[in-house]
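Residue numbers (our numbering), protein chains in the order written: chain A, 274 to 589; chain B, 91 to 374.
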Ligand SMILES: Nc1ncnc2c1ncn2[C@@H]1O[C@H](COP(=O)(O)OP(=O)(O)O)[C@@H](O)[C@H]1O
């Protein structure tokens with residue numbers, strides 16, 4: 274269960290998040306880890322709820338495409354999570370313009386991410402903060418879903434959820450419209466936005482503010498109506514937003530979408546469009562996405578993880 | 091509930107044998123004795139009575155905070171885990187109970203501010219809880235530490251509902267769990283946290299035992315025909331249990347422990363326990 278403190282030697286500080294400081298560490302066998310030391314601030318405010326969520330979920334989930342929590346220990350009144358050491362993340366890869374992506378590479382990253390997400394959803398866990406910087410990459414090229422600080426167990430139908438989740442550019446329209454009864458399909462939307470970003474090499478719907486995010490989403494994908502998304506007009510923020518956004522945009526025809534993604538195959542576009550459906554109930558589950566023609570029929574096969582493009586700094 | 095019970099930390103780390111539990115408890119007593127803890131020699135009386143007392147504290151604070159049943163159950167299991175590794179004699183149980191609820195509220199996504207939960211606890215027990223909320227923060231840390239940082243818990247309530255549904259499917263109405271029995275089984279589950287059962291058995295076994303206790307205690311007494319009817323109900327229930335391949339000896343073990351809890355409860359006195367606990371708090 275909990276290991277002793279002296280099993281791991283902290284080597285250097287890797288970075289600092291909101292509730293933790295992360296160190297590179299090794300054990301006696303010279304294996305490398307990332308040790309996340311949770312700040313407790315002299316117990317004044319209790320342990321941060323994001324830290325609690327991360328601990329809670331990572332203790333239970335085991336999957337090659339989810340960051341592994343190897344061990345936990347406490348020392349000097351600090352909780353420490355011993356995590357898999359990861360060398361990069363998808364955001365860095367997308368932004369590194371020296372790297373060329375092949376269609377098969379994008380397919381591999383999507384496949385691994387969706388497999389990890391499938392494992393979460395099968396365990397009734399919604400991630401609620403999927404974005405390229407939370408899809409970490411191991412030295413062997415595997416994707417690892419990380420940062421469970423906003424994750425939660427799927428809700429009962431009558432339970433209220435907070436709509437203020439997911440980093441803005443990846444936020445599903447039902448969240449933008451203030452829905453309090455959403456499902457795992459918010460993660461599917463985020464994966465759709467990431468899919469588009471992998472193809473474009475730039476964020477697909479980069480709103481400058483929460484309001485702008487709504488406006489931009491409508492401009493890119495059309496203004497949702499009751500016809501394409503039954504129930505949209507009864508969402509909490511709908512009336513308010515619709516009085517502020519006077520311009521109505523038609524839903525872009527498939528030909529226009531395919532112009533935006535020149536290199537994408539039909540199977541890729543079909544999957545993308547389904548993941549970015551306005552009506553959450555029309556989006557695929559992780560399972561049906563994984564079984565879509567894009568993954569199971571269409572060539573090329575996904576690139577093997579070890580052959581994926583890597584930044585030069587990448588050391589294994 | 092999140093994740094699968096069979097792969098859970100609860101099954102891997104927090105479902106132990108009764109030998110293991112007594113070993114933990116003996117080790118704790120030994121530690122107190124060797125460190126000459128001032129409370130080492132206090133007589134706690136019937137250990138079940140102390141557990142009933144702690145359960146009462148938790149339920150009282152939980153209701154004050156309008157916690158759902160699920161939160162209470164999570165906090166109850168945290169409390170049971172904590173006192174499997176530590177002794178009441180070395181802690182302030184009021185603070186530990188508060189920390190269990192504080193953490194359970196976070197885990198079940200019903201977060202409370204540490205200062206407000208401390209204030210609520212103080213409103214109930216002004217002489218036993220400090221106004222300094224960092225103490226609750228410290229207790230939260232020790233609690234997480236003692237639990238080996240395993241936070242997700244699996245509860246028997248959902249199993250109970252599933253069993254009742256599948257039973258009426260199989261017996262097509264012949265073996266329906268009556269509403270009375272169902273609510274009795276539910277409260278037996280609430281009481282099961284006072285015992286060691288949640289540390290010893292998987293949730294579905296406890297749910298089956300609770301069902302058994304409920305049918306047993308709700309069986310109509312009196313006329314001969316009633317007894318015959320309830321006798322055949324018990325037989326059907328036993329038959330169903332055997333059919334679904336449940337571990338009958340584990341279930342009967344649980345039933346025994348539940349019945350002995352109720353037996354012990356008859357001699358329970360709140361004031362006696364309160365006095366013992368006050369003595370502990372005042373010396374530590
Ligand atoms: N598993 C890991 N392997 C390597 N570096 C990591 C790992 N986890 C976190 N880091 C580094 O530590 C920094 C802070 O991590 P974290 O606390 O998760 O931050 P945030 O709150 O920004 O998500 C990250 O930006 C990253 O550089």
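Even for Gly, the Cβ is constructed at its ideal location relative to N, Cα and C.
For clarity, every value in this text was computed on a predicted model and none was experimentally measured.
Do you know offhand how far residue 547 of chain A's Cα is from residue 283 of chain A's? Along the first chain, one-based indexing puts residue 547 of chain A at 274. Along the first chain, one-based indexing puts residue 283 of chain A at 10. Using only the alpha carbons, I get a separation of about 45 Å.
With a threshold of 9 Å between beta-carbons, can residue 313 of chain B be considered close to chain A, or not? Start at 1 with the first residue of the second chain, and residue 313 of chain B comes out as number 223. Residue placement at residue 313 of chain B cannot be trusted, given a pLDDT of 47 that sits under 50; what the coordinates show is reported in the next sentence. No, because no Cβ of chain A sits closer than 9 Å to the Cβ of residue 313 of chain B.
Here's a check: name, in chain order, each residue in its chain whose Cβ is nearer than 8 Å to the Cβ of residue 536 of chain A, leaving out the five neighbours to either side. Sequence index remark: in the first chain, residue 536 of chain A carries index 263 (1-based). Within the same chain, residue 536 of chain A has close Cβ partners 376, 472.
Run through DSSP, which three-state label would residue 570 of chain A get? The residue labelled residue 570 of chain A in the question sits at position 297 within the first chain. Coil, per DSSP.
Between which two residues does the beta strand (DSSP E) harbouring residue 289 of chain A extend? Here residue 289 of chain A corresponds to residue number 16 of the first chain, with the count starting at 1. Residue 289 of chain A -> beta strand (DSSP E) spans 282 to 289.
Could you please give the first and the last residue of the uninterrupted beta strand (DSSP E) stretch that includes residue 277 of chain B? Translated into the one-based positions of the second chain, residue 277 of chain B becomes position 187. Counting along the chain, residue 277 of chain B falls outside any beta strand (DSSP E), though it belongs to the alpha helix (DSSP H) covering 269 to 282.
Residue of B:349, B:125, B:169, B:188 minimising C-alpha distance to residue 153 of chain B: To locate residue 153 of chain B, count along the second chain from 1; it is residue 63. The shortest Cα separation from residue 153 of chain B among B:349, B:125, B:169, B:188 belongs to B:188.
Is there a C-beta anywhere in chain B that falls below 9 Å from the one on residue 349 of chain A? Counting from 1 along the first chain, the entry for residue 349 of chain A is found at position 76. No, because no Cβ of chain B sits closer than 9 Å to the Cβ of residue 349 of chain A.
Comparing C-alpha positions only, which one of B:222, B:292, B:327 sits nearest to residue 385 of chain B? The requested residue 385 of chain B is not part of the displayed model; chain B covers only 91 to 374.
Run the CB neighbour count on residue 521 of chain A, radius 10 Å, all protein chains shown included, and call it buried at 16 or more, exposed below. Mapped onto the first chain, residue 521 of chain A falls at position 248. Residue 521 of chain A is exposed by the Cβ-count criterion.
I need the boundaries of the beta strand (DSSP E) containing residue 293 of chain A, first residue and last residue. For this step, residue 293 of chain A is matched to residue 20 along the first chain. From DSSP, the beta strand (DSSP E) with residue 293 of chain A extends over 293 to 299.
Heavy atom of ligand 1 within 8 Å of residue 552 of chain A beta-carbon: Counted from its first residue, the first chain places residue 552 of chain A at position 279. No.
State buried or exposed for residue 348 of chain A, treating a residue as buried only when at least 16 other CB atoms are found within 10 Å of its CB. Counting from 1 along the first chain, the entry for residue 348 of chain A is found at position 75. Counting Cβ neighbours within 10 Å, residue 348 of chain A comes out exposed, since fewer than 16 surround it.
Can you tell which of A:308, A:319, A:337 has its C-alpha closest to the C-alpha of residue 578 of chain A? On the first chain, residue 578 of chain A is found 305 positions in, with the first residue counted as 1. Considering only alpha carbons, the answer is A:337.
Supposed close pair residue 341 of chain B, residue 141 of chain B - CB separation, criterion 8 Å: Within the second chain, numbered from 1, the residue matching residue 341 of chain B stands at position 251. Within the second chain, numbered from 1, the residue matching residue 141 of chain B stands at position 51. About 22 Å; that fails the 8 Å criterion.
How many whole angstroms separate the CB atoms of residue 528 of chain A and residue 542 of chain A, which I take to be in contact at a CB cut-off of 8 Å? The residue labelled residue 528 of chain A in the question sits at position 255 within the first chain. The residue labelled residue 542 of chain A in the question sits at position 269 within the first chain. About 11 Å; that fails the 8 Å criterion.
Please name the residue or residues paired with residue 344 of chain A in a DSSP beta bridge. As a working mapping, residue 344 of chain A is identified with position 71 in the first chain. Bridge partners of residue 344 of chain A: A:355.
Proximity test, Cβ basis, 9 Å: residue 231 of chain B and chain A: Reading the second chain from its first residue, position 141 is the one you call residue 231 of chain B. Yes, because at least one Cβ of chain A sits closer than 9 Å to the Cβ of residue 231 of chain B.
Take residue 465 of chain A and list the residues in its own chain whose beta-carbon comes closer than 7 Å to its own, dropping the five residues that flank it on each side. By one-based count along the first chain, residue 465 of chain A stands at place 192. Answer for residue 465 of chain A: 545, 548, 549, listed in chain order.
Any chance the CB of residue 291 of chain A is under 8 Å from a heavy atom of ligand 1? Mapped onto the first chain, residue 291 of chain A falls at position 18. For ligand 1, at least one heavy atom lies less than 8 Å from the Cβ of residue 291 of chain A.
Contact list for the stretch 214 to 227 of chain B against chain A, Cβ threshold 9 Å: 223, 224, 225, 226, 227
Can you tell me whether residue 231 of chain B is buried or exposed? The criterion is at least 16 other CB atoms within 10 Å of its CB, across all chains shown. On the second chain, residue 231 of chain B is found 141 positions in, with the first residue counted as 1. With 16 or more Cβ atoms within 10 Å of its Cβ, residue 231 of chain B is classed as buried.
With respect to the alpha helix (DSSP H) encompassing residue 487 of chain A, which residues constitute its N-terminal and C-terminal limits? On the first chain, position 214 is the one that residue 487 of chain A refers to. Note, residue 487 of chain A: alpha helix (DSSP H), 483 to 494.
Can you tell me whether residue 402 of chain A is buried or exposed? The criterion is at least 16 other CB atoms within 10 Å of its CB, across all chains shown. Taking the first residue of the first chain as position 1, residue 402 of chain A is located at position 129. Flag for residue 402 of chain A reads buried.
If we cut at 9 Å on Cβ distances, does residue 173 of chain B have a partner in chain A? Translated into positions along the second chain, residue 173 of chain B becomes position 83. With 9 Å as the cut-off, residue 173 of chain B does not count as an interface residue toward chain A.
Return the residues of the stretch 307 to 321 of chain A that lie within a Cβ-Cβ distance of less than 8 Å from chain B, sorted by chain order. 313, 315, 316, 317, 318, 319, 320
To which residues of the same chain is residue 330 of chain A closer than 7 Å at the C-beta, ignoring the five residues directly before and after it? Residue numbering aside, residue 330 of chain A sits at position 57 when the first chain is read from its first letter. Same-chain partners within the cutoff: 398, 421, 424.
Excluding the 5 residues preceding and the 5 following residue 450 of chain A in the sequence, name in chain order all residues of the same chain whose CB lies nearer than 6 Å to its CB. Counting from one through the first chain, the residue named residue 450 of chain A turns up at place 177. The answer, listed in chain order, is 508, 510, 511.
Since residue 347 of chain B and residue 243 of chain B should fall inside the 8 Å C-beta cutoff, what is the C-beta to C-beta distance between them, to a whole number of angstroms? Here residue 347 of chain B refers to the residue found at position 257 when the second chain is read from its first residue. Here residue 243 of chain B refers to the residue found at position 153 when the second chain is read from its first residue. So it is not a contact: roughly 19 Å between Cβ atoms.
Looking at residue 309 of chain A and ligand 3, is the gap between the Cβ and the nearest heavy atom below 8 Å? Ligand 3 is not among the ligands present in this structure, which contains only ligand 1.
Within a Cβ cutoff of 7 Å, which residues of the same chain sit near residue 313 of chain B, ignoring the five residues on either side of it in sequence? By 1-based counting over the second chain, the position of residue 313 of chain B is 223. Unreliable placement is indicated for residue 313 of chain B, whose pLDDT of 47 sits below 50; the coordinate value is still reported in the next sentence. Contacts found: none.
Inter-residue spacing [alpha-carbon to alpha-carbon] between residue 370 of chain A and residue 444 of chain A: By 1-based counting over the first chain, the position of residue 370 of chain A is 97. By 1-based counting over the first chain, the position of residue 444 of chain A is 171. When rounded, the distance between both Cα atoms is 25 Å.
Nearest CA to the CA of residue 568 of chain A: which residue from A:417, A:500, A:378? To locate residue 568 of chain A, count along the first chain from 1; it is residue 295. Comparing Cα positions, the closest option is A:378.
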